[in-house]
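A short write-up of the structure that comes next.
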Amino acid sequence: QSSQAQQVNSGLASKTFDLDRYCPHANADSSILRADMTLRCGVHYWGFDLVKNGQCIAHPDETLNACPVSDLEW
């Protein structure tokens, strides 16, 4: 799988993020099980902190490259 981009609305403070669609661990679709500012992969439930650029909570070297959409607009 490629790291196709997707947009995710966090539900908290109505923030929207651009991020990689596939989990860096097993290339599973990462668009599943959103909670607060954490996005969880639906396969192994790795949590990714959207505020910290999509950094994996348990494995900080892994990331979904999340960026708030407002930061991308000029």
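In UniProt numbering, the protein residues as written are 1 to 74. Note that CB positions come from ideal geometry on N, CA and C, so glycine has one too. Quick caveat, the model's predicted, so the values are computed rather than measured.
Short Cβ contact (8 Å threshold) for Gly47 with Leu19: no
Beta-carbon proximity list for Asn65, same chain, < 7 Å, skipping 5 on both sides: Here the set comprises Leu19, Asp20, Asn53 and Gly54.
At 4 residues or longer, and completely inside the UniProt domain "Rieske" (19–74): list those alpha helix (DSSP H) runs for me, N to C. For the UniProt domain "Rieske" (19–74), whole alpha helix (DSSP H) runs of length 4 or above, ordered along the chain, are 69–72.
For chain C, check one thing: does any of its Cβ atoms lie closer than 8 Å to the Cβ of Arg21? Considering every chain present, this structure includes no chain C. It has just one protein chain.
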